[in-house]
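Undergrad: Numbering (UniProt numbering), first residue to last: 1 to 211.
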Ligand SMILES: [Zn+2]
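So this is what it looks like as structure tokens:
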């Protein structure tokens, strides 16, 4: 995917259809794994020189950390990969393609810019938080001091990505608070324990973040 232009600088060429097909298939496997584990189904891979150097799926509910999107998990692995091999992350990221099942959100799109990722392939649009055109255009806007813009190929297996999201949101929210066990204040110390269970409808108000 690399070539040289007239000035001798390295150009980054866009991935071929067969590469997109192969890598997105693995990204969808990651998204399925997220769905099976009660996470918003988004999966991604980061590929450098035909090698996966980072992969991730949403870990927001598992870690109770709203920033643990698939892309952030994968980016951490890429930085570790570079550190272990004493490679410059700026050089490696500048030649790495991100494959993700859902359009990166605004936060992730900004992180991808700051790390100089040149190319993103994604499935469906992220209508609520998308940073590659759906809500803001972090990927291609002229943003001073915010890394480099990146190109996107969108719509790959988009319907399938949307169906997975719908399946997740139809399920009971796994992030809802658990029933609480409280001591009855009228009981003497060490007395009977009263279990108070929160109504399900109240618990459902918590909405899991998308990508
Ligand atoms: Zn994100």
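Ideal placement from N, C-alpha and C gives every residue a C-beta, glycine not left out.
Alpha carbon to alpha carbon, what distance is there between residue 139 and residue 133?
TA: For residue 133 and residue 139, the distance between alpha carbons rounds to 8 Å.
Undergrad: Secondary structure at residue 51, three-state DSSP: helix, strand or coil?
TA: Strand.
Undergrad: Assess contact between the segment 112-124 and the segment 88-101, defined as three or more Cβ pairs (one per stretch) separated by less than 8 Å. Is contact present?
TA: Because the criterion of three Cβ pairs below 8 Å is met, the segment 112-124 and the segment 88-101 touch.
Undergrad: Taking residue 25 as the reference, give the member of 142, 123, 149, 153 with the closest Cα.
TA: Cα-wise, what sits closest to residue 25 is 123.
Undergrad: Could you check whether the Cβ of residue 107 sits closer than 6 Å to any heavy atom belonging to ligand 1?
TA: Answer for residue 107: yes, Cβ within range of ligand 1.
Undergrad: For the alpha helix (DSSP H) containing residue 60, list its first residue and its last residue.
TA: Run containing residue 60: 60-63, per the alpha helix (DSSP H) assignment.
Undergrad: At which residues does the beta strand (DSSP E) containing residue 115 begin and terminate?
TA: Counting along the chain, residue 115 falls outside any beta strand (DSSP E), and DSSP gives it neither H nor E.
Undergrad: Would you call the segment 28-42 and the segment 65-82 touching, i.e. three or more CB-CB distances under 8 Å?
TA: Yes, since at least three Cβ pairs between the segment 28-42 and the segment 65-82 fall closer than 8 Å, the two stretches touch.
Undergrad: Closest by CA to residue 155, which one among 130, 86, 102?
TA: It is 102.
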